[in-house]
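One structure is given below, encoded as structure tokens.
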Amino acid sequence: MAKATPVSPLAPKTYPDIAPIDGVRFSVAQAGIRYAGRTDVMLALLDEGTQVAGVFTKSKCPSAPVDWCRARLEGGKARALLVNSGNANAFTGKTGKEAVKFSAKLAAAAAGVPERQIFLASTGVIGEPLDASKFDGVLEKLVKDARPDAWREAASAIMTTDTYPKLSTRAATIGGVETRIAGIAKGAGMIAPDMATMLSFVFTDAPIAAPVLQSLLSKSAQGSFNSITVDSDTSTSDTLLLFATGAAETRGAPWIEKPNDRRLGDFRRALDETLLDLAHQVVKDGEGARKFVEVTVTGADSAKAAKRIALSIANSPLVKTAIAGEDANWGRVVMAVGKAGEAADRDKLAIWFGDIRVAHKGLRDPSYDEAQVSEIMKR
Numbered sequence: 085m086a087k088a089t090p091v092s093p094l095a096p097k098t099y100p101d102i103a104p105i106d107g108v109r110f111s112v113a114q115a116g117i118r119y120a121g122r123t124d125v126m127l128a129l130l131d132e133g134t135q136v137a138g139v140f141t142k143s144k145c146p147s148a149p150v151d152w153c154r155a156r157l158e159g160g161k162a163r164a165l166l167v168n169s170g171n172a173n174a175f176t177g178k179t180g181k182e183a184v185k186f187s188a189k190l191a192a193a194a195a196g197v198p199e200r201q202i203f204l205a206s207t208g209v210i211g212e213p214l215d216a217s218k219f220d221g222v223l224e225k226l227v228k229d230a231r232p233d234a235w236r237e238a239a240s241a242i243m244t245t246d247t248y249p250k251l252s253t254r255a256a257t258i259g260g261v262e263t264r265i266a267g268i269a270k271g272a273g274m275i276a277p278d279m280a281t282m283l284s285f286v287f288t289d290a291p292i293a294a295p296v297l298q299s300l301l302s303k304s305a306q307g308s309f310n311s312i313t314v315d316s317d318t319s320t321s322d323t324l325l326l327f328a329t330g331a332a333e334t335r336g337a338p339w340i341e342k343p344n345d346r347r348l349g350d351f352r353r354a355l356d357e358t359l360l361d362l363a364h365q366v367v368k369d370g371e372g373a374r375k376f377v378e379v380t381v382t383g384a385d386s387a388k389a390a391k392r393i394a395l396s397i398a399n400s401p402l403v404k405t406a407i408a409g410e411d412a413n414w415g416r417v418v419m420a421v422g423k424a425g426e427a428a429d430r431d432k433l434a435i436w437f438g439d440i441r442v443a444h445k446g447l448r449d450p451s452y453d454e455a456q457v458s459e460i461m462k463r
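The number in my numbering is simply the position in the sequence shown, starting from 1, with 84 added.
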């Protein structure tokens, strides 16, 4: 029997206690898709009228489930989400498309909902056909067993090489009424912007129309899942879906139909925090990760330029090895800035490691102390 993968040293010490969100229920099962002795299928059931928004991989080789979800987003409504781990159903041609259709058909029949409102996601090995017949008979039990408090079970079922489940939750006020946001995610390899080998599913009871939900999600993803990297590789299966059941409307929350509605301010804040928290958890579970580093760039020509410079630093193998080896080699950061392809004034460049300035105005800082910086590197 293979040894269990050690849990990342960057894993959270505790998991959030997530209260049920009205209109959302979860169920998990072992379908034997790839893993023995663990759950590998997750079903989320959503009340009628649930709105949906999504952001997907920018890979030119998207998986069959990604294609399916993109086509279903136009309708703006969702009744169920079916996710499997162990097989990505990517680069599987006609067989992959047929597996997606069959999976959706089975899920729709089991849940008693329209097939066009079924959303699908798969994660795992690329290039192997997905045997969707393994869902047959499993889905009926999933529907029967679904419950509103199975957040951690849901997060665990979608894991592949992850070492811990990823969950986050926040509260937000809309029109004086409290609403809830909660999400789960998976990801440990192929972690690069746009978005990572990453699946994330976020749920809220806020009454927000699908077009507004899409606007909120697209913007929020830019500062979270589209700004993380571990290995600079972009997956075929990246999927981020946001579901809004609207249940808070029964408690007096207003129906939001315009993205510039001022009442969205607190919800936007809570969504940003939830996605950023989940994105950070994904990075901290990067395969073999022992360090979590944030790169901040100021003074660039634009936000786009700053992001490109930051990613040049974060993706540099030489910078990574310096960080992993706790080597205060700030010259590698200079190199990464210079090769980023964006405007950078060498003679004005300043570099900080934590709260210690190591370079200033194009030169090593006069007060530079390698021992102090080495202590920063050990964190």
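Even glycine gets a Cβ: it sits at the ideal position worked out from N, Cα and C.
Nearest neighbour of Leu325 by Cα position, chosen from Ser143, Arg163 and Gln114, turns out to be Arg163. DSSP places Gly415 within a helical segment (H, G or I) once states are collapsed to three. With respect to Leu214, Asn171 sits close: the two C-beta atoms are nearer than 7 Å. Three or more beta-carbon pairs separated by less than 8 Å are not found between the stretch 139–159 and the stretch 111–122, which leaves the two stretches without contact. A direct Cα-to-Cα measurement between Gln114 and His444 gives close to 57 Å.
By the C-beta density criterion, Thr323 is buried, having at least 16 other C-beta atoms within 10 angstroms. Between Ala241 and the set Val112, Trp414 and Leu223, the nearest pair of CA atoms involves Val112. In the displayed model, Leu359 falls within a helix according to three-state DSSP.
When the alpha-carbon of Phe203 is set against those of Leu251, Lys218 and Ala148, the nearest one is in Ala148. A buried status is given to Arg264, since no fewer than 16 other beta-carbon atoms sit within 10 Å of its beta-carbon. Taken in chain order, the complete beta strand (DSSP E) segments of 3 residues or longer contained in the stretch 287–344 are 323–328. Taking every protein chain shown into account, the CB of Asn344 has fewer than 16 other CB atoms within 10 angstroms, so this residue is exposed. Taking one beta carbon from each stretch, the stretch 287–294 and the stretch 363–375 have fewer than 3 pairs nearer than 8 Å; the two do not touch. In this structure, Ala424 places its C-beta atom within 7 Å of the C-beta atom of Arg392.
Taking C-beta separations shorter than 6 Å and ignoring five residues to either side along the sequence, the partners of Thr358 in its chain run Ser252, Arg254, Ile265 and Gly267, following chain order.
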